[in-house]
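Below is one structure, written out as structure tokens; the observations come after it.
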């Protein structure tokens with residue numbers, strides 16, 4: 369193994385890895401499907417051309433199928449394949465077997481870290497097999513090497529790391545949402561969280577969390593979803609974090625609209641309407657929720673905040689019913705009957721009230737939502753059935769429970 373390296377995959381991380389290697393004395397040729405180039409890295413017109421010029425092949429690709437496709441195009445006999453990609457354990461073992469069968473050497477070495485650590489040589493490299501001096505030199509150029517066993521073990525270790533990352537992002541999200549209820553500003557909340565066990569992640573993502581600007585991404589939400597789905601497939605213990613991630617990032621869809629291209633910092637944001645001094649007309653809702661689906665829920669909240677019946681008529685279909693127990697008796701109101709309860713003025717304690725959208729799942733033209741309403745000493749749980757009609761999304765029915 370010489371110092372000639374082909375890097376296949378020049379996305380955010382792959383480009384940073386290629387730049388790091390080129391800047392530390394390695395002869396690097398790079399290829400990526402998009403045709404993108406990296407300063408200091410010799411471009412190749414195809415994967416075959418890149419690999420033909422090198423004794424070591426570094427894969428920095430999106431998933432297992434992408435790795436499989438790339439390796440099927442190139443000659444690996446007599447070469448060392450170092451795979452930095454995040455894939456499933458079975459995929460890692462399959463890739464190792466295919467390279468070994470072709471007369472090559474396979475090292476599965478997924479990394480913990482994104483662009484900035486890659487450029488600085490401060491990644492954590494989870495190496496499954498390897499140990500040869502030339503391989504160790506290359507991996508050491510990228511960061512700290514942690515030996516974890518087989519290729520499958522390395523894949524599992526990376527999924528474990530990304531599960532912990534997701535839990536940490538969700539913990540920041542929970543903390544910021546709790547800060548809203550406590551009346552603390554976002555700046556104060558982030559200052560506090562930065563001095564907790566979450567401090568490193570808060571410091572690294574603080575600008576994105578505070579501003580909401582998630583582009584360009586260092587690590588996309590789509591990629592994180594992919595990794596946590598792999599983790600959940602490996603162990604039932606990850607089902608909860610997968611569901612929480614889905615709930616936090618868009619109506620239960622892992623790849624919905626343009627959200628997936630955003631940075632993972634978006635997972636930590638409690639909602640688009642974060643307010644340091646939340647008002648009762650503010651509805652806290654998750655990043656990634658389609659504004660059109662949430663529109664009738666926001667109108668519903670405005671109705672409560674102002675007491676203006678017009679907002680409820682905007683929120684509900686004319687045929688809707690509102691049902692639940694009132695003073696121990698079951699009631700089923702029409703929209704006309706329901707809006708008659710409001711006189712156009714807000715409640716005296718309205719400034720102290722708040723509403724939070726807890727869940728929203730969409731399936732085609734229908735949706736289900738759950739909301740908590742904190743009205744003085746009373747707390748309500750509202751459940752909504754929504755439907756997309758000719759004039760947009762509306763609430764078809766509502767049921768409620770007073771705690």
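In this note's numbering, the protein residues as written are 369 to 771.
Even glycine gets a Cβ: it sits at the ideal position worked out from N, Cα and C.
Sequence-distant residues of its chain with Cβ nearer than 6 Å to residue i (five each side left out)
i           : result
residue 475 : 450, 497, 498 and 503
residue 533 : none
residue 402 : none
residue 526 : 454, 478 and 494
residue 480 : 492 and 529
residue 421 : 397
DSSP-derived helix/strand/coil call for residue i
i           : result
residue 521 : helix
residue 740 : strand
residue 416 : helix
residue 672 : helix
residue 680 : helix
residue 564 : coil
residue 583 : coil
residue 449 : strand
residue 479 : strand
residue 602 : helix
residue 760 : strand
residue 746 : strand
residue 491 : strand
residue 552 : coil
residue 428 : coil
residue 608 : helix
residue 463 : helix
residue 613 : helix
residue 723 : strand
residue 574 : helix
residue 410 : strand
residue 625 : Note that residue 625 scores a pLDDT of 43, beneath 50, so its modelled location is shaky; the value from the coordinates is reported in the next line. In this structure, residue 625 counts as coil in the three-state DSSP scheme.
residue 440 : helix
residue 714 : coil
residue 507 : helix
Residues bridged to residue i (per DSSP)
i           : result
residue 391 : The partner list for residue 391 (beta bridge, DSSP) is empty, contrary to what the question assumes.
residue 372 : 395
residue 734 : 731 and 755
residue 700 : 691
residue 405 : In the DSSP output, where bridge partners are listed per residue, residue 405 has none listed.
residue 434 : Answer is none; residue 434 lacks a bridge partner.
residue 591 : Paired residues: none, contrary to the question.
residue 765 : 689 and 753
residue 473 : 448
residue 631 : 588
residue 513 : 493
residue 638 : For residue 638, which the question treats as bridged, DSSP gives no partner whatsoever.
residue 541 : The partner list for residue 541 (beta bridge, DSSP) is empty, contrary to what the question assumes.
residue 770 : 748
Chain D contact for residue i (CB, 7 Å cutoff)
i           : result
residue 472 : In the displayed structure, chain D is absent; only one protein chain is listed.
Buried versus exposed call for residue i [16 or more other C-beta atoms within 10 Å across all chains shown]
i           : result
residue 582 : buried
residue 747 : exposed
residue 644 : For residue 644, the predicted model reports a pLDDT of 34, less than 50, meaning its position is unreliable and no value from the coordinates is stated.
residue 709 : exposed
residue 750 : buried
residue 684 : buried
residue 556 : exposed
residue 362 : For residue 362 there is no data in the structure shown, the boundaries of the chain being 369 and 771.
residue 565 : exposed
residue 404 : exposed
residue 662 : buried
residue 721 : buried
residue 771 : exposed
residue 613 : buried
residue 382 : buried
residue 664 : buried
8 Å contact criterion, which residue i and residue j should meet: CB distance rounded
i           : j           : result
residue 514 : residue 483 : Between residue 483 and residue 514 the Cβ distance is about 20 Å, and since that is not below 8 Å, they are no contact.
residue 739 : residue 725 : 5 Å
residue 460 : residue 520 : 5 Å
residue 414 : residue 394 : Not confirmed; about 21 Å, so no contact.
residue 444 : residue 426 : With a Cβ gap of about 12 Å, residue 444 and residue 426 do not count as contacting.
residue 531 : residue 596 : 6 Å
residue 796 : residue 712 : Only positions 369 to 771 of the chain appear in this structure, which leaves residue 796 out of reach.
residue 489 : residue 387 : Rounded, the Cβ-Cβ distance is 11 Å, inconsistent with contact.
Residues near residue i in its chain [Cβ-Cβ closer than 7 Å; skip 5 each side]
i           : result
residue 576 : 582, 631 and 633
residue 390 : 396, 408 and 409
residue 429 : 376, 377, 435, 438 and 453
residue 466 : 439
Nonlocal neighbours in the same chain, by C-beta distance under 8 Å from residue i, ignoring five residues either side
i           : result
residue 317 : What is shown of the chain runs 369 to 771, which leaves residue 317 out entirely.
residue 535 : 609
residue 371 : 393, 394 and 395
residue 676 : 670, 710 and 712
residue 509 : 388, 389, 392, 394 and 489
Closer than 6 Å: residue i CB and nearest the ligand ADP heavy atom
i           : result
residue 423 : As presented, the structure is devoid of all ligands, the ligand ADP included, so that no description of it is given.
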